[in-house]
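Undergrad:
In the numbering used here, the protein residues as written are 4 to 280.
(1) Does the region 212-221 come close enough to the region 184-198 to have 3 or more Cβ pairs within less than 8 Å?
(2) List, from N- to C-terminal side, the beta strand (DSSP E) runs of 3 residues or more that fit wholly inside the region 149-203.
(3) Could you tell me which of 238, 242, 247 and 246 sits nearest to residue 265, measuring between CA atoms?
(4) I need the straight-line Cα distance from residue 63 to residue 199, nearest angstrom please.
(5) Between the region 95-109 and the region 36-55, do at least 3 Cβ pairs fall closer than 8 Å?
(6) Rounded to the nearest angstrom, how far is the Cβ of residue 227 from that of residue 258, given a contact under 8 Å?
(7) When the distance is taken between beta carbons, is residue 221 closer than 9 Å to residue 162?
(8) For residue 272, which three-state DSSP category applies?
(9) Secondary structure at residue 251, three-state DSSP: helix, strand or coil?
(10) Could you compute how far the alpha carbon of residue 280 sits from the alpha carbon of residue 58?
(11) Report the three-state DSSP secondary structure of residue 280 (helix, strand or coil).
(12) Taking C-alpha atoms, which residue in 271, 46 and 167 lies nearest to residue 193?
(13) Between which two residues does the beta strand (DSSP E) containing residue 138 stretch?
(14) Which same chain residues, not among the five before or five after residue 73, have their C-beta less than 6 Å away from its C-beta?
(15) Compare the beta carbon distance of residue 71 and residue 29 with 9 Å and say whether it is the shorter of the two.
(16) Using 8 Å as the cut-off, can you tell me whether the region 240-251 makes contact with the region 83-97, which would need three or more C-beta pairs spanning the two stretches below that distance?
(17) Candidates 271, 269, 274 and 261: which alpha carbon is nearest residue 103's?
(18) Check the C-beta distance from residue 18 over to residue 75 and give it rounded, since I have them as a contact under 8 Å.
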């Protein structure tokens with residue numbers, strides 16, 4: 004099949020977007036399109052310029068015999084703020100208030116379009132770091148973990164609170180819940196991670212950080228390294244937070260059940276240097 008340049012550009016763009024953070028040799032494209040490497044380089048220059056102009060991301064070229072091109076997802080500051088605005092607007096509705104001061108988020112976390120945007124925002128923040136695995140705790144953090152993993156092109160591991168026969172042998176730890184100060188248990192299959200892996204942990208909601216601290220301690224049992232912490236919504240902290248150096252997109256300032264009001268503001272994404280644009 005003889006590919007036209009327009010066809011090559013469309014197919015090449017699709018392949019790059021579907022394989023972020025993956026080094027693709029120029030020979031792959033050259034053989035796929037039956038085109039000279041010089042033509043492929045010109046095509047990639049067009050894609051690179053287009054990606055950078057519209058804020059899709061950047062293309063990194065690695066020279067040498069083992070070189071190639073790699074797509075790194077990026078988002079602009081304006082897009083991050085737009086995502087924050089969408090989160091605040093959706094989660095700020097009064098009908099989300101639940102008895103006991105809880106916030107209903109299940110439908111929001113199940114929206115694939117907004118989850119994909121949130122995943123790309125966090126992937127952009129941690130895109131220049133070496134990350135091997137995304138870790139979250141069952142169940143509400145799973146959609147966020149998979150969204151981030153999609154744009155970093157790494158696997159997800161899920162920490163559970165009870166043992167499943169399908170998990171095989173597990174490692175379990177006890178940790179102190181940051182909000183209730185109760186002792187709780189979390190566990191992870193021994194086959195989930197390898198020693199030395201760098202792990203980004205994430206969750207949908209963080210109060211005092213007890214669950215995050217528990218996952219951080221669990222990493223030590225696997226001899227793995229904490230690469231970062233990504234939080235969708237953090238609560239206004241009335242006590243000491245048990246983890247440091249986390250990124251959040253939105254902060255929940257107050258919830259008033261009597262007045263049926265929810266006050267949300269931007270999280271620390273920018274103040275912690277999360278946007279690399």
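Cβ coordinates follow ideal geometry from the N, Cα and C atoms, glycine included.
TA: Considering the structure as presented:
(1) yes
(2) 159-162, 173-179 and 186-192
(3) 238
(4) 26 Å
(5) no
(6) Residue 227 to residue 258, Cβ: 35 Å. No contact.
(7) yes
(8) coil
(9) strand
(10) Low confidence applies to residue 280: its pLDDT is 48, below 50, so where it sits in the model is not reliable, and the reading given next is rough at best. Cα-Cα distance, rounded: 8 Å.
(11) Its pLDDT being 48, under 50, residue 280 is placed unreliably by the model, and the measurement read from it follows with that caveat. Coil, per DSSP.
(12) 167
(13) 136-140
(14) 26 and 63
(15) yes
(16) no
(17) 261
(18) That belief does not hold up - the Cβ atoms of residue 18 and residue 75 are roughly 15 Å apart, past 8 Å.
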